[in-house]
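J.:
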């Protein structure tokens, strides 16, 4: 019998803000690795993302049953814990990168799967470069994830479609509500959504209005400087024509002086600064400017955790990118990221492509200017054509006694082999 | 051939804040009336609730197709428009009640179905009394609806179960999210929910935590005076034990001095009062008291409009009470309300009962004190047994291109026969 070399293990970690479908990517990674036991030994997950690798706090995913791993596909959040921890540049903190390689060596890790956004793509790229320069063989593949939809090359980012669906559905539902109440009560409903730098999520609010179901929606994008008079005129015109108006406002909207509208200086009774949202600020502007009765909501984590109304396209793509990452690594690819490639919008057809990390890291994809209508308050037909397929289909989790059954893993720790590392 | 008397018509109106399932009650009323054409002629709906009756602005529901009426069952909001318009007492404004009877006479209306909460039950009672005293035969039946769950006699109110399900599901999802982030980022998530006077909706947040899926949740009920030190100690203990904590806060929480916590005096940079929610106030208390990173959300209309995650029990009961209202009226009952009667909790069995309006009007059902744990921050086993059946089952609307297909009716106006009436 040939002396079969023991296959190398894999490391997988979740990074940054979690989503409704990042665990579907984890599911794709782990299920696919389990199908290739001759190539990949055990998948170790980082407890709380990359911090788990730095501190040698690894989770042995082989201790999880097949059904638990399968349930990751319908479980929101990051099952292994995520973190907001940006590794500095190789020059500024070579120590951390060398520690990663040290941990990988100690646990015979030859595959590095990093599931996150732009910063993580950069870390992933650096790990692959350092592996090469230190002569340690590591295949580093980035698995895309971000509700902000701002990674380049890929047509869209897993995580975004489900937020978009949640915002589109919620905007439609709340608009039906305010329309019912407008005669004697609330005439304007304001929904604050995520998106610090780009208006992708706010744009999804525009999907609530269709040819069949017209809804007067005013979107405030971070890409468009807030113009109070123009905004009030638009809301006023909608209320006059339709009896009501819905406003979808991105948390990242700025006034002409470049300041966040949300930071306009809310104070409590004692003069202390309040970390308010932008929705109550917009509400006050409407009250002062038009005297209309309003209600406002802030979706916050609800929007990115809402696995109960996840987009089927999104779940499938999150799984497919996780699966492809493993397949790429097995085939010997390094320093790459699986991408979603759109073949056609109607009907929606997509496939998985591959992008070199050097072209992904540190590049932000902004929303094209021709996705926003000339008045700055709506989405164009082109934008709609882009967005619609991404919210297509439902993918309901299983329920028990009225509640969705989300899995919690055992997350068994791997025995440490190295000394303590201070972050 | 016998000289068959033309059956009298019916009037139906929606009142107060709308819900995810009030249209399911409308569906029950209209479909059942259509099955008894020998007893009920046309169902006229009030455009914008009772205002439609006062101003003779009636909608002819016979112009709507069977499929449009069927679609009401899965459409949130009030399809005919609702209103916040409380009719004064008979003594204070007899003119309005007499106008109602005048409009009913003009349109041969012999049935009055009023779909709302406590105030509407009172109006419905008065209409039946006035009909009697004026010698005009009117069968007045109230159809229960309120997310506040505060009507007496009935085990629960249609509309509540779906809000409860939305809050329970959202609280679980957001808790999974914050748990993933807690290592390096957000440790406390605060969700503001409706319920000005009673903590029913806040209590539903407690359903997010079960034996299988334990979640550290602190509930702030309007029934319990806010005690800052006790609250901070509880949150701190949870964060120390679990790494994170979720807070579900009712908009109606008051401090010991009886003031709403939400009204503690937010000001903008110019010193103008801000109508903020209570969530940012609680967030500031946590930041100042514990220095923990937090996120907060305000569900507002999203919670009561969320037909996409409606409770199946709730939809069925909303329909059943609408249906029963018509059946009661046909049988000659007057001044009554269909109720939900619980036969057993496990398994959940219920049936429809009947309550006299005199016992419903002006009576508020508060949450029993033994539904709240001794420390004031949680729900008891008894509360859980009560709530769980109400969120049972899913009842998904149909989707097209990723969006729920909610119906909009034609709402054709009935020709007026009377002069103008000034409200």
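Residue numbers (the working numbering), protein chains in the order written: chain F, 619 to 1041; chain V, 619 to 1041.
Idealized CB from N, CA, C, for every residue including glycine.
The model shown is predicted, which means the values in this text are computed figures rather than measured ones.
According to DSSP, simplified to helix, strand and coil, what is residue 1021(F)?
T.: Here residue 1021(F) sits in strand by DSSP.
J.: Give me, in chain order, the residues of the same chain whose beta-carbon lies closer than 6 Å to that of residue 1003(F); leave out the 5 immediate sequence neighbours on both sides.
T.: Counting only Cβ-Cβ distances below 6 Å, and skipping sequence neighbours, we find 963.
J.: Starting from residue 734(V), follow its DSSP beta bridges and name the residues at the other end.
T.: Bridge partners of residue 734(V): 762(V).
J.: If you drop the 5 nearest sequence neighbours on each side, which residues of the same chain put their C-beta closer than 8 Å to that of residue 925(V)?
T.: So the list reads 638, 639, 692, 693, 694, 780, 1015, 1022 and 1024, once near-sequence residues are dropped.
J.: How about residue 836(F) and residue 853(F): do their beta carbons lie closer than 7 Å?
T.: Yes.
J.: If residue 728(F) and residue 764(F) are in contact, beta carbons under 8 Å, what's the gap, nearest whole angstrom?
T.: Going by Cβ atoms, the distance from residue 728(F) to residue 764(F) rounds to 27 Å, so no, they are not a contact pair.
J.: State the beta-bridge partners of residue 840(V) as determined by DSSP.
T.: Partner(s): none; residue 840(V) has no beta bridge.
J.: Opposite residue 970(V) in the DSSP bridges: which residues?
T.: Looking at the DSSP assignment, residue 970(V) forms a beta bridge with 958(V).
J.: Which residues does DSSP list as the beta-bridge partners of residue 914(F)?
T.: Answer is 808(F).
J.: Can you list the alpha helix (DSSP H) stretches of 4 or more residues lying completely in the stretch 782 to 830 of chain F, in chain order?
T.: The stretch 782 to 830 of chain F contains these whole alpha helix (DSSP H) runs: 818 to 823.
J.: Spell out the partners DSSP gives residue 864(V) in its beta bridges.
T.: Its beta-bridge partners are 807(V) and 835(V).
J.: Is there contact between the stretch 796 to 815 of chain V and the stretch 906 to 914 of chain V, where contact requires at least three CB pairs shorter than 8 Å?
T.: Enough Cβ pairs lie closer than 8 Å, so yes.
J.: Report yes or no: is there a C-beta of chain F within less than 7 Å of the C-beta of residue 916(V)?
T.: Judged by the 7 Å Cβ criterion, residue 916(V) is in contact with chain F.
J.: Please confirm whether residue 1039(F) has its beta-carbon closer than 7 Å to some beta-carbon of chain V.
T.: Chain V contact via Cβ: absent.
J.: What did DSSP end up calling residue 856(V) once you bin it into helix, strand or coil?
T.: Here residue 856(V) sits in helix by DSSP.
J.: Along chain V, in chain order, which residues have C-beta atoms closer than 8 Å to that of residue 704(F)?
T.: Simply none; closest approach about 10 Å.
J.: Alpha carbon to alpha carbon, how far is residue 784(F) from residue 813(F)?
T.: Looking at the two C-alpha atoms, the distance is approximately 14 Å.
J.: For residue 893(V), collect the residues of the same chain with a Cβ closer than 7 Å to its Cβ; drop the 5 residues on either side in sequence, then sort them by chain order.
T.: The predicted position of residue 893(V) is uncertain, since its pLDDT is 49 and thus under 50; no value can be drawn from it.
J.: Per the DSSP calculation, residue 929(V) is bridged to which residue(s)?
T.: According to DSSP, residue 929(V) bridges with 1012(V).
J.: Should residue 877(F) be flagged as near chain V, meaning a C-beta pair shorter than 7 Å?
T.: It does not; no Cβ of chain V falls within 7 Å.
J.: Exposed or buried, which one is residue 987(F) when buried takes at least 16 other CB atoms within 10 Å?
T.: Exposed is the call here.
J.: Measure the alpha-carbon distance for residue 667(F) versus residue 630(F) and round it to whole angstroms.
T.: Those two C-alpha atoms are separated by around 8 Å.
J.: Are the CB atoms of residue 642(V) and residue 936(V) nearer to each other than 7 Å?
T.: The answer is yes: Cβ separation under 7 Å.
J.: Rounded to a whole number of angstroms, what is the C-alpha to C-alpha distance between residue 833(F) and residue 650(F)?
T.: Approximately 44 Å between the Cα atoms of the pair.
J.: Note down, in chain order, every chain F residue with its Cβ under 9 Å from the Cβ of residue 1009(V).
T.: Ordered by position in chain F, the residues that pass the 9 Å Cβ test against residue 1009(V) are 1019, 1020 and 1021.
J.: Taking the beta strand (DSSP E) that residue 627(F) belongs to, which residues open and close that run?
T.: Segment 626 to 632, the beta strand (DSSP E) holding residue 627(F).
J.: Below 8 Å CB to CB, which residues in the same chain sit around residue 660(F) once its five sequence neighbours on both sides are set aside?
T.: Within the same chain, residue 660(F) has close Cβ partners 627, 628, 678, 679 and 680.
J.: Using only CA atoms, which one of 916(V), 1034(V) and 1011(V) lies nearest to residue 788(V)?
T.: Nearest of 916(V), 1034(V) and 1011(V) to residue 788(V), Cα basis: 916(V).
J.: Keeping to the same chain, check which residues put their C-beta closer than 7 Å to that of residue 923(F); ignore five residues upstream and five downstream.
T.: Cβ neighbours of residue 923(F) beyond the five flanking positions: 638, 694 and 695.
J.: Any Cβ of chain V within less than 7 Å of the Cβ of residue 1016(F)?
T.: No, residue 1016(F) does not count as interfacial toward chain V.
J.: Quick one: what's got a C-beta closer than 8 Å to residue 1039(V)'s C-beta in the same chain, skipping five residues either side?
T.: Hits under 8 Å: 672, 673, 674 and 717.
J.: From residue 647(F) to residue 827(V), what distance separates their C-alpha atoms?
T.: Whole-angstrom Cα-Cα distance: 29 Å.
J.: Run the CB neighbour count on residue 656(V), radius 10 Å, all protein chains shown included, and call it buried at 16 or more, exposed below.
T.: The residue in question, residue 656(V), is exposed, as its Cβ has fewer than 16 Cβ neighbours within 10 Å.
J.: Taking the alpha-carbon positions, what's the residue 887(F) to residue 1008(V) distance?
T.: Its pLDDT being 49, under 50, residue 887(F) is placed unreliably by the model, and the measurement read from it follows with that caveat. Between residue 887(F) and residue 1008(V), the C-alpha separation is close to 41 Å.
J.: The beta strand (DSSP E) with residue 660(F) in it runs from where to where?
T.: Note, residue 660(F): beta strand (DSSP E), 658 to 664.
J.: Using the Cβ count rule (16 or more neighbours within 10 Å means buried), how would you classify residue 969(F)?
T.: With fewer than 16 Cβ atoms within 10 Å of its Cβ, residue 969(F) is classed as exposed.
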